[in-house]
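Enquirer:
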Amino acid sequence: MAHIQLNDLRKSYAGQEVIHGITMDISNGEFVVIVGPSGCGKSTLLRMVAGLEGISAGTISIGDRVVNDLEPRERDIAMVFQNYALYPHMSVRENMAYGLKIAKMPVAEIDARVAKAATMLELEPYLDRKPRALSGGQRQRVAMGRALVREPAAFLLDEPLSNLDAKLRVQMRLQIKELHQRTGQTTLYVTHDQVEAMTLADRLIVMNKGVADQIATPHEVYMTPASEFVAGFIGSPAMNIFTVRAEAGVAVLPGGQRLPLPGLPASGEVRLGLRPEDMELVEGDTPSIPVVLKSVEWLGADAFGYGVIEGSDVLMTLRLPGNTLAKRGDRLHVAAAQGRIHLFSPETGKRL
Amino acid sequence: MDNSTQGPLVARGMGRTMAHLWMILGVIIVAFPVYYVFIASTHSVQTILRPPLPLLPGSDAYENYRGAFSGEINRIGGVSLWRLLGNTTLIAVGIAVGKIVISMASAYAIVFFKFPFRMACFWLIFITLMLPVEVRIQPTYKVMVDLGLIDTYAGLILPLIASATATLLFRQFFMTIPDELLEAARVDGAGPWRFFKDILWPLSLTNVAAIFVIQFIYGWTQYLWPLLVTNSNEMNTIVIALKKMVSFADADTPWNLVMVTSVLAILPPILVVVLMQRWFVKGLVETEK
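As they're listed, the protein sequences go chains A and B.
Under UniProt numbering, the first residue of the first sequence carries the number 1, and numbering increases by one thereafter.
Under UniProt numbering, the first residue of the second sequence carries the number 1, and numbering increases by one thereafter.
#1: In this structure, how does DSSP classify threonine 59 (chain A) when only helix, strand and coil are distinguished?
#2: For the candidate residues B:Thr42, B:Ala68, B:Asp151 and B:Leu242, whose alpha-carbon lies nearest to that of residue 301 (chain B)?
#3: Would the beta-carbon of valine 239 (chain B) fall within 9 Å of that of methionine 144 (chain B)?
#4: Is the distance from the Cβ of alanine 118 (chain A) to the Cβ of arginine 93 (chain A) below 9 Å?
#5: Please report how far the alpha carbon of leucine 123 (chain A) lies from the alpha carbon of tryptophan 298 (chain A), in whole angstroms.
#6: Compare the Cα-Cα distances from glutamate 53 (chain A) to each of A:Asp25, A:Met120 and A:Glu71 and report the closest residue.
#7: Suppose you measure from the CA of alanine 238 (chain A) to the CA of lysine 11 (chain A); what does that come to, to the nearest Å?
#8: For leucine 21 (chain B), which residues from the same chain have a beta carbon less than 6 Å from its beta carbon, with the 5 sequence-adjacent residues on both sides left out?
#9: Please classify proline 290 (chain A): does DSSP put it in a helix, a strand, or coil?
#10: Quick check on the burial criterion: 16 or more other C-beta atoms within 10 angstroms. Buried or exposed for phenylalanine 55 (chain B)?
#11: Count the other CB atoms within 10 Å of the CB of aspartate 2 (chain B); is the residue buried (16 or more) or exposed (fewer)?
#12: Between glycine 15 (chain B) and valine 27 (chain B), what straight-line distance do the alpha-carbon atoms span, to the nearest angstrom?
#13: Provide the residue span of the alpha helix (DSSP H) that contains histidine 3 (chain A), from first to last.
#14: Got a sec: is the Cβ-Cβ distance from glycine 210 (chain A) to anything in chain B below 9 Å?
#15: Taking the alpha-carbon positions, what's the arginine 258 (chain A) to alanine 246 (chain A) distance?
#16: Could you please give the first and the last residue of the uninterrupted alpha helix (DSSP H) stretch that includes phenylalanine 32 (chain B)?
#17: Kindly list, in the order they appear in chain B, the residues whose Cβ is closer than 7 Å to that of isoleucine 102 (chain A).
#18: Locate the alpha helix (DSSP H) running through leucine 261 (chain A), then write down its first and last residues.
#19: In chain order, what residues of the same chain lie with their CB nearer than 6 Å to the CB of glycine 255 (chain A), ignoring the 5 residues before and after it?
#20: Against chain A, does lysine 289 (chain B) count as a neighbour if the rule is that its beta carbon must be under 9 Å from one of theirs?
#21: One question on the structure: do glutamine 194 (chain A) and serine 236 (chain A) come within less than 9 Å of each other, judged by their Cβ atoms?
#22: Write down the C-beta distance between alanine 143 (chain A) and proline 160 (chain A) rounded to the nearest angstrom, noting that I regard them as a contact closer than 8 Å.
#23: Any heavy atom of the ligand ATP within a distance shorter than 8 Å of the CB on valine 35 (chain A)?
#24: Closest to threonine 237 (chain B) by C-alpha separation, out of B:Asp151, B:Arg136 and B:Leu49, would be which residue?
#25: Establish whether the CB of proline 116 (chain B) and some CB of chain A are separated by less than 9 Å.
#26: Measure from the C-beta of isoleucine 77 (chain A) to each C-beta in chain B and report whether the shortest distance is under 9 Å.
#27: Should threonine 176 (chain B) go down as buried or exposed, given a rule of 16 or more other Cβ atoms within 10 Å for buried?
#28: What's the call for residue 334 (chain B), buried or exposed, on a 16-neighbour Cβ count within 10 Å?
#29: Closer than 9 Å by beta-carbon distance: list the chain B residues that pair up with proline 260 (chain A), in chain order.
#30: Among A:Phe304, A:His333 and A:Arg340, which residue has its Cα nearest to the Cα of asparagine 323 (chain A)?
#31: Would you say asparagine 83 (chain A) reaches chain B, if we count a Cβ-Cβ gap shorter than 9 Å as a contact?
#32: Under 9 Å, Cβ to Cβ, is there at least one residue of chain B near alanine 336 (chain A)?
#33: Mind checking lysine 104 (chain A): buried by the 16 CB within 10 Å criterion, or exposed?
#34: Could you tell me how far apart the beta carbons of threonine 44 (chain A) and isoleucine 19 (chain A) are, in whole angstroms, since I believe they sit closer than 8 Å?
#35: DSSP has serine 204 (chain B) in a bridge; who is on the other side?
#36: Check distances from the C-beta atoms of the stretch 41-72 of chain A to those of chain B and list, in chain order, the residues that come in under 9 Å.
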């Protein structure tokens, strides 16, 4: 077990920088999730920590060692790959024991560790099977087991659940969470799935085009997103974000309506963000945003209304109660809940 | 349900009969000369020389085969049949194993290591596919003479073990190995040699078997190179010995012994194919890795 320090980490391919300086301290036993859309550099970042990708600038230390120039095997890490990368010709037992065998660990110790991991992951009945005779979920557990037996300083997981079906993914997510609580391993976990990210993480790194837009707890990321990108990426359905004009404490909406808002700059344009779940229906005579519904999706416990701000073509998603009678063409008035307004700079995208 | 009869290309009725007749005809055309060789090896020289040759085995089989193994061949060619078979086996195995070692090593380097002029190396190997042995036979012969390798096993084997075809085959196979497998092995602490030994080699076994079969037969049937590079009868291969046996006038040729030798020359490749058939086919068609 160890803490990990990333210090202004950069990566370039043929002169093109893809990771633009990431700095972070991961404390011992912390579960950190790197999340972002595809192509944001999240897997590259993880592979740099693993030692599978070179480092163009900056340093990585695991424990108190700078590991920049160390081979993966010297970094004391274990990794779980998206497609599991099990050795097809080896049994489950051999797959798990392979790394320990190379490390010349005594056979008795190897057997003990494999048995322990197999018990933990409920893999005992399958120890002598080849990977091709296993289901996707079982293969995933073998990949986890192969990492567990190493008892490494850090655990690196690269989208480990993305090849599983939805039900299994939820099960494995819970199992990973439980494993982490049991072993207390420092863990770096890459995913594009925000549910995985929010539920597993002690802290999140939200990546956008090679930049860590925000490094914070899931709660902070949700409540006070540091940028328009983070605001749009975390939360489902996505936050409504549109441009308003500030005029002496009043926001002029795209449809021309005037809405008093706290925290507005004195003048100029600003991006206003409102989560669907943070808006409530109000009477038309209070300051509010009028929305004309285009369609309503009823999900049971609640419903989502999709419409536009009256007098404009700015799309708005509303979360409505499950017993709503609203239908296409209705005009609803909504207002943001107290303190649940997000303002972003139109130029930099940063939170104001 | 038997899937083999459910395919879209299953011939029925008349079509099936025709297909079978066609295949049987093909088998007869291919197999008949071989059968005839076997028949001839069971008759005396007199019977063979008095046409027509019977279509059924004769009564001299034991006599012919015993004679061939107990010195008759030695009397004609100056070298025993055992020695011939031994030489040929050694050369065929040497060529097959050598080709596998060389081509696997080069394919491993080209696929898994990054070094300057990597692709240039690959293309250099690839280009040699376009040059048949005969084109470079004179310089090769000169090199062998200078190295003093005439009439040695090394001289017979070494020039034939470089193989662009096998290198290409192994390269294609290695490229189907997912990158993650290599990365997982690296994280597990396997260096290049361990990765090769523990992971790549076991996964390549069926391909190795296929290439072994092909190259064994290639080595077994070599003619031109052994003819050039050997002078002493002791170093002859079975194919060369056969050729020497028939270079007499027709009536002097011990045709019964020639036929026995032919049968014995055909047998080992057939054995290799039959024994490794399952792996051989697997290596050629297997896609799931």
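Beta carbons: idealized from backbone N, C-alpha and C, even for Gly.
Expert: To lay it out plainly:
#1: Counted from its first residue, the first sequence places residue 59 (chain A) at position 59. DSSP places threonine 59 (chain A) in strand when its eight states are reduced to three.
#2: As shown, chain B starts at 1 and ends at 289. That puts residue 301 (chain B) outside it, with no answer to give.
#3: The residue given as residue 239 (chain B) occupies position 239 in the second sequence. The residue given as residue 144 (chain B) occupies position 144 in the second sequence. Taking 9 Å as the Cβ cut-off, valine 239 (chain B) and methionine 144 (chain B) do not qualify as a contacting pair.
#4: One-based indexing of the first sequence puts residue 118 (chain A) at position 118. One-based indexing of the first sequence puts residue 93 (chain A) at position 93. Contact: yes.
#5: Here the question's residue 123 (chain A) lines up with position 123 in the first sequence. Here the question's residue 298 (chain A) lines up with position 298 in the first sequence. Distance between the alpha carbons of leucine 123 (chain A) and tryptophan 298 (chain A): 41 Å.
#6: Against the first sequence, residue 53 (chain A) aligns to sequence position 53. Nearest option by C-alpha distance: A:Glu71.
#7: The residue given as residue 238 (chain A) occupies position 238 in the first sequence. The residue given as residue 11 (chain A) occupies position 11 in the first sequence. In a straight line, the C-alpha of alanine 238 (chain A) is about 30 Å away from that of lysine 11 (chain A).
#8: Here residue 21 (chain B) is taken as the residue at index 21 of the second sequence, counted from 1. None.
#9: On the first sequence, position 290 is the one that residue 290 (chain A) refers to. It is a strand residue.
#10: Counted from its first residue, the second sequence places residue 55 (chain B) at position 55. Correcting the residue identity first, residue 55 (chain B) is leucine in this sequence and not phenylalanine. Exposed is the call here.
#11: Reading the second sequence from its first residue, position 2 is the one you call residue 2 (chain B). In this prediction, aspartate 2 (chain B) has a pLDDT of 45, which is less than 50 and means its spatial position is unreliable; what the coordinates show is noted afterwards. Aspartate 2 (chain B) should be labelled exposed.
#12: For the purposes of this step, residue 15 (chain B) is identified with residue 15 of the second sequence, where counting begins at 1. For the purposes of this step, residue 27 (chain B) is identified with residue 27 of the second sequence, where counting begins at 1. Going by the C-alpha atoms only, they are around 18 Å apart.
#13: Locating residue 3 (chain A) in the first sequence gives position 3, counting from the first residue. No alpha helix (DSSP H) contains histidine 3 (chain A), which DSSP labels as neither H nor E.
#14: The residue you call residue 210 (chain A) lines up with position 210 of the first sequence. With 9 Å as the cut-off, glycine 210 (chain A) does not count as an interface residue toward chain B.
#15: Taking the first residue of the first sequence as position 1, residue 258 (chain A) is located at position 258. Taking the first residue of the first sequence as position 1, residue 246 (chain A) is located at position 246. Using only the alpha carbons, I get a separation of about 10 Å.
#16: The residue labelled residue 32 (chain B) in the question sits at position 32 within the second sequence. Its alpha helix (DSSP H) spans residues 14-40.
#17: For the purposes of this step, residue 102 (chain A) is identified with residue 102 of the first sequence, where counting begins at 1. Per Cβ cutoff of 7 Å: Asp188, Gly189, Ala190 and Arg194.
#18: Taking the first residue of the first sequence as 1, we reach residue 261 (chain A) at position 261. Run containing leucine 261 (chain A): none; DSSP gives neither H nor E here.
#19: Taking the first sequence and counting its residues from 1, one reaches residue 255 (chain A) at position 255. Same-chain partners within the cutoff: Ile309, Glu310, Gly311 and Ser312.
#20: The residue labelled residue 289 (chain B) in the question sits at position 289 within the second sequence. Because the pLDDT of lysine 289 (chain B) is 42, which lies under 50, any placement of that residue in the model is unreliable, and the number read from its coordinates should be weighed accordingly. Interface residue, yes.
#21: By one-based count along the first sequence, residue 194 (chain A) stands at place 194. By one-based count along the first sequence, residue 236 (chain A) stands at place 236. Yes. Within cutoff.
#22: Here residue 143 (chain A) refers to the residue found at position 143 of the first sequence. Here residue 160 (chain A) refers to the residue found at position 160 of the first sequence. So it is a contact: roughly 7 Å between Cβ atoms.
#23: For the structure depicted, the ligand ATP is absent and the ligand set is empty, with no information on it obtainable.
#24: Here residue 237 (chain B) is taken as the residue at index 237 of the second sequence, counted from 1. Taking only the C-alpha atoms, the option nearest threonine 237 (chain B) is B:Asp151.
#25: Residue numbering aside, residue 116 (chain B) sits at position 116 when the second sequence is read from its first letter. No, because no Cβ of chain A sits closer than 9 Å to the Cβ of proline 116 (chain B).
#26: Residue numbering aside, residue 77 (chain A) sits at position 77 when the first sequence is read from its first letter. Isoleucine 77 (chain A) counts as touching chain B.
#27: Position 176 of the second sequence holds residue 176 (chain B). Flag for threonine 176 (chain B) reads exposed.
#28: Nothing can be reported for residue 334 (chain B), as the shown portion of chain B is limited to 1 through 289.
#29: If you number the first sequence from 1, residue 260 (chain A) lands on position 260. By Cβ distance, chain B contributes nothing, its closest Cβ being about 56 Å from proline 260 (chain A), past 9 Å.
#30: Your numbering for residue 323 (chain A) matches position 323 in the first sequence. Measuring from the Cα of asparagine 323 (chain A), the nearest candidate turns out to be A:Phe304.
#31: Taking the first residue of the first sequence as 1, we reach residue 83 (chain A) at position 83. It does; some Cβ of chain B falls within 9 Å.
#32: On the first sequence, residue 336 (chain A) is found 336 positions in, with the first residue counted as 1. False, the Cβ-Cβ gap to chain B never drops below 9 Å.
#33: Taking the first sequence and counting its residues from 1, one reaches residue 104 (chain A) at position 104. Under this definition lysine 104 (chain A) is an exposed residue.
#34: Position 44 of the first sequence, counting from 1, holds the residue named residue 44 (chain A). Position 19 of the first sequence, counting from 1, holds the residue named residue 19 (chain A). Confirmed, Cβ separation roughly 6 Å.
#35: Taking the second sequence and counting its residues from 1, the one referred to as residue 204 (chain B) is at position 204. None; serine 204 (chain B) has no bridge partner.
#36: Arg47, Ala50, Gly51, Leu52, Glu71 and Pro72
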